[in-house]
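Asker: Quick note: the sequence shown uses this note's numbering, first residue 23, plus one each step. Cβ coordinates follow ideal geometry from the N, Cα and C atoms, glycine included. Following this message is one structure expressed as structure tokens.
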Amino acid sequence: MIKTDVLIIGAGPVGLFAAQQLGLIGLKAEVVDNLDKIGGQCIELYPDKPIYDIPALPVCTGKSLTDNLLEQIKPFKTNFHLNERVEAISKEENNWKIKTTGKKTFISPNIIIAAGVGSFEPRKFSVKEPEKFENKGIFYSIKDKTYFKNKRVCIFGGGDSALDWAIELSKFAKVTLVHRRDEFRGAEHSALTARALAKEGKLKIKTPFQIHSIEGDDKITGITIKSEKGEVEKIATDCILGFFGLIMKLGPIAEWGLNLEKKTIPVNTENFQTNKEGIFAIGDICTYPGKLKLILSGFHEGALAARACFKLARPNEKYRFEFTTTSKGMQGRLGIKSK
Ligand SMILES: Cc1cc2nc3c(=O)[nH]c(=O)nc-3n(C[C@H](O)[C@H](O)[C@H](O)COP(=O)(O)OP(=O)(O)OC[C@H]3O[C@@H](n4cnc5c(N)ncnc54)[C@H](O)[C@@H]3O)c2cc1C
């Protein structure tokens, strides 16, 4: 059971900046994200693309924006709980009880939902019963590549993740790369490397093929793949990896009794509170008249929600507005030594 002043759902740019605003006013935040990395859409969808409309930053990339936001919250030692989806919330006296898929429980008077367009989920294999092998033979991401050492691995997909992992795992596993088209969508250089490795016999490439069935009881023993022309091939394998991209799902948020409007959460723009006391929504997930789905709007929303969280986290204290330039308290929290 983890007690905190605020639980932030979503480690996208808006959730990260909210953690900074909370830290400045002396509140502790814990951040949960379904993804295995921090940065939300900026990291998952456009890490290398330039962004030109972050105030006072003429240009940055999705990755450099995330790195800077992380640098800015360093003094607050924020805890991140990655690969965890917030599943359920319930009210317990003056607190919210929050449960994650990783079986973590948080107790907090405030929840800030900065969940963007919902949780990113991998697109899955469309064959019968893939769930029973999930994480036991079927994987959609790699947490520890050594798990695949000396194993027979079939990798499906034609993008960068499929190519990069096929190249990497071929160093110590028996890899077959399967794609439904002859051409790969990933970087040309990676596609050329994979083909060169195939020529040297260091990995196998099967195109244009798709998965047809999976064999095995407790664990995978093999698969069959099928081409558009109807050719069928059997491959003995220990595991299969699917890299078909991500889909975005509002997910469990839809079941928490919050008012919803076209998959977004209406808020009161005074404090970004939803229809439930102590639950706030900021960034792409919230809606109000005139809402702009821009990072800069999310930053403003986080600043106001953070101040509103103070009231519930410190009911016996009065919130005082201060500037970082002159506040000794804020500078102390930032670790700046006063002269
Ligand atoms: C290609 C592209 C280019 C863009 N360019 C710009 C630009 O130039 N300028 C600009 O201002 N904006 C731009 N945007 C929009 C910008 O990326 C979004 O406005 C911003 O990412 C919203 O931030 P957020 O933190 O609200 O949500 P997100 O970045 O979507 O992050 C939300 C996070 O919440 C997590 N999450 C959701 N549900 C749960 C749950 N139940 N449990 C745990 N975690 C959960 C998700 O996994 C995700 O990591 C662009 C978007 C795209 C796709």
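Drop a sphere of 10 angstroms on the beta-carbon of Phe345, count the other beta-carbons inside from all chains shown, and report buried for 16 or more, exposed for fewer.
Answerer: Your numbering for residue 345 matches position 323 in the sequence shown. Exposed: under 16 other Cβ atoms inside 10 Å.
Asker: Can you tell which of Ile307, Glu66, Ile275, Gly223 has its C-alpha closest to the C-alpha of Lys85?
Answerer: As a first step, residue 85 must be located in the sequence shown, where it is residue number 63. Considering only alpha carbons, the answer is Glu66.
Asker: Can you tell me whether Ser86 is helix, strand or coil according to DSSP?
Answerer: In the sequence shown, counting from the first residue as 1, residue 86 sits at position 64. Correct three-state label for Ser86: helix.
Asker: Just verifying my parser: in three-state terms, what is the DSSP assignment at His234?
Answerer: By one-based count along the sequence shown, residue 234 stands at place 212. His234: strand per DSSP, three-state reduction.
Asker: Arg145 and Gly180 - do their beta-carbons sit closer together than 8 Å?
Answerer: Position 158 of the sequence shown, counting from 1, holds the residue named residue 180. Position 123 of the sequence shown, counting from 1, holds the residue named residue 145. It is not a contact, given that the beta carbons lie outside the stated cut-off.
Asker: With distance defined between alpha-carbon atoms, name the residue in Asp182, Ile135, Lys50 nearest to Lys99.
Answerer: The residue you call residue 99 lines up with position 77 of the sequence shown. Of the candidates Asp182, Ile135, Lys50, the one whose C-alpha sits nearest the C-alpha of Lys99 is Lys50.
Asker: Kindly give me the distance between the Cβ atoms of Ala216 and Ile189, rounded to whole angstroms, as I take these residues to be in contact under 8 Å.
Answerer: Here residue 216 is taken as the residue at index 194 of the sequence shown, counted from 1. Here residue 189 is taken as the residue at index 167 of the sequence shown, counted from 1. Contact holds; Cβ gap of about 6 Å.
Asker: Pull up the distance between the alpha-carbon of Ala184 and that of Arg207, whole angstroms please.
Answerer: Taking the sequence shown and counting its residues from 1, the one referred to as residue 184 is at position 162. Taking the sequence shown and counting its residues from 1, the one referred to as residue 207 is at position 185. Looking at the two C-alpha atoms, the distance is approximately 10 Å.
Asker: For Val197, which of Lys350, Phe178, Arg336, Glu323 has the nearest alpha-carbon?
Answerer: To locate residue 197, count along the sequence shown from 1; it is residue 175. Answer by Cα proximity: Phe178.
Asker: For a test of the three-state rule: what should DSSP assign to Thr127, helix, strand or coil?
Answerer: For the purposes of this step, residue 127 is taken as residue 105 along the sequence shown, with counting starting at 1. Shown here, Thr127 sits in a strand according to DSSP, grouped into three states.
Asker: Excluding the 5 residues preceding and the 5 following Tyr341 in the sequence, name in chain order all residues of the same chain whose CB lies nearer than 8 Å to its CB.
Answerer: Taking the sequence shown and counting its residues from 1, the one referred to as residue 341 is at position 319. Cβ neighbours of Tyr341 beyond the five flanking positions: Ile47, Arg329, Phe332, Lys333.
Asker: With DSSP run on the structure shown, which of helix, strand or coil describes Trp278?
Answerer: As a working mapping, residue 278 is identified with position 256 in the sequence shown. Residue state, collapsed to three classes: coil.
Asker: Using the Cα positions of Gly32 and Ile76, report the straight-line distance between them to the nearest angstrom.
Answerer: Looking up residue 32 in the sequence shown gives position 10. Looking up residue 76 in the sequence shown gives position 54. If I take the Cα positions, the gap works out to 20 Å.
Asker: Considering only the alpha carbon of each residue, which of Glu156, Lys165, Leu318 lies closest to Ser148?
Answerer: Position 126 of the sequence shown holds residue 148. Ranking the options by Cα distance to Ser148, first place goes to Glu156.
Asker: Where Ile133 and Gly223 are concerned, what is the direct C-alpha to C-alpha distance, given to the nearest angstrom?
Answerer: Here residue 133 refers to the residue found at position 111 when the sequence shown is read from its first residue. Here residue 223 refers to the residue found at position 201 when the sequence shown is read from its first residue. Cα to Cα, the separation comes out at about 53 Å.
Asker: Measure the alpha-carbon distance for Glu253 versus Val175 and round it to whole angstroms.
Answerer: Working through the sequence shown from its first residue, we reach residue 253 at position 231. Working through the sequence shown from its first residue, we reach residue 175 at position 153. Going by the C-alpha atoms only, they are around 21 Å apart.
Asker: When DSSP labels each residue in this structure, what does Glu210 get in the three-state scheme?
Answerer: Sequence index remark: in the sequence shown, residue 210 carries index 188 (1-based). Three-state result, Glu210: helix.
Asker: What number of angstroms, rounded off, separates the C-alpha of Phe128 from the C-alpha of Gly238?
Answerer: Walking along the sequence shown from the start, residue 128 turns up at place 106. Walking along the sequence shown from the start, residue 238 turns up at place 216. Between Phe128 and Gly238, the C-alpha separation is close to 39 Å.
Asker: Quick check on Ser319: does DSSP put it in helix, strand or coil?
Answerer: The residue labelled residue 319 in the question sits at position 297 within the sequence shown. Taken through DSSP and simplified to helix, strand or coil, Ser319 comes out as helix.
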